[in-house]
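Residue numbers (this note's numbering): 43 to 160.
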């Protein structure tokens, strides 16, 4: 259960959901590889950028909060946003991103419905 009045718990739940959705979209990567990409694993770095993009653009978390919680530089977060925004110009990537985004939303809705049932 997630305490909807605890900002940290909400953030962590959203991060978890986004990571799971991205992991399902990049099935060859583990969640750990996405959250802390090994050096020179460009696909894992891209997957992490997708997570950051989902957190900010789709879930509405302020960049400032993501920088703080993920202990990343503002430049790293801004680079992730620019990279994914640029990749979304390509239909095949945009379609895949849309699938990941919808999966994340359905997982968030599932968590919310469990909260209401409790």
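Even for Gly, the Cβ is constructed at its ideal location relative to N, Cα and C. For clarity, every value in this text was computed on a predicted model and none was experimentally measured.
Straight through space, the alpha carbons of residue 94 and residue 103 are spaced by roughly 10 Å. If you check the CB distance, residue 76 and residue 90 come in under 7 Å.
Membership of residue 120 in the alpha helix (DSSP H) is indicated by the continuous run 116-129. Excluding the 5 residues flanking it on each side, residue 68 has same chain C-beta neighbours closer than 6 Å at 89, in chain order.
Excluding the 5 residues flanking it on each side, residue 96 has same chain C-beta neighbours closer than 8 Å at 60, 63, 64, 142, 143 and 146, in chain order. Going by DSSP, residue 107 is part of the alpha helix (DSSP H) stretching over 105-112.
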